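*Asks:* One structure, pasted below without further comment.
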């Protein structure tokens, strides 16, 4: 249960170096490609469910400041925007971190001698090469069986027997 320790920020947290609309769309496309690439048999969509992708879109389009790249909403605000439960938001953020879409850090505020945790700061990764991820995702996991073609070999037509009634009817 004790994993690596998270970074902690006092005051304003650092964000991604700005994300315009195209970068946000590329990040969503990367998430969809990663999801298709890591889909296992029996999974309907993949490891990133519809709720996880809704949380990602809520973070990107609802809370991420385009020029500064800052994003630090509360779980309650994300849940309201994505129309999911608070526990779903927590699971979705863990799934998005495993997918390499984002990471998060604790934000803290000093109040005299006390330190109070206020919310998390989310930072989005820029996909290294979306073309490669999408190309891998487009490949079929189920390789087709070899096609047996009737015309793969040159065959000579069968000899026509002039005495058969079929040959006489076709002639």
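Residue numbers (my numbering): -3 to 167. Quick reminder that beta carbons are idealized off the backbone N, C-alpha and C, glycines included. These numbers were taken from a predicted model, which means no experiment stands behind them.
Counting Cβ pairs closer than 8 Å, one from the stretch 104 to 112 and one from the stretch 65 to 84, do we hit at least three?
*Replies:* No: the two stretches stay apart, fewer than three of their Cβ pairs being nearer than 8 Å.
*Asks:* Do you know offhand how far residue 163's Cα is from residue 157's?
*Replies:* Those two C-alpha atoms are separated by around 6 Å.
*Asks:* Give the straight-line distance between the Cα atoms of residue 120 and residue 109, rounded to the nearest whole angstrom.
*Replies:* Each residue's Cα considered, the two are about 32 Å apart.
*Asks:* How far does the beta strand (DSSP E) with residue 85 in it extend, from its first residue to its last?
*Replies:* Here residue 85 belongs to no beta strand (DSSP E); instead the alpha helix (DSSP H) covers 82 to 94.
*Asks:* Tell me the rounded alpha-carbon separation between residue 34 and residue 123.
*Replies:* Cα-Cα distance, rounded: 16 Å.
*Asks:* Taking the beta strand (DSSP E) that residue 111 falls in, what are its first and last residues?
*Replies:* 110 to 120 is the span of the beta strand (DSSP E), which, as asked, contains residue 111.
*Asks:* On the criterion of 16 or more Cβ atoms from any shown chain inside 10 Å, does residue 175 qualify as buried, or is it exposed?
*Replies:* The structure shown has nothing for residue 175, since the chain only spans -3 to 167.
*Asks:* For residue 29, tell me which candidate among 44, 66, 91 has the shortest Cα-Cα distance.
*Replies:* Comparing Cα-Cα distances from residue 29 to each of 44, 66, 91, the minimum goes to 44.
*Asks:* Leaving aside the five residues before and after residue 57 along the sequence, list all residues of the same chain whose C-beta is less than 6 Å from its C-beta, in chain order.
*Replies:* Counting only Cβ-Cβ distances below 6 Å, and skipping sequence neighbours, we find nothing.
*Asks:* Any idea if residue 15 is buried or exposed, counting beta-carbon neighbours within 10 angstroms, 16 or more meaning buried?
*Replies:* It counts as buried.
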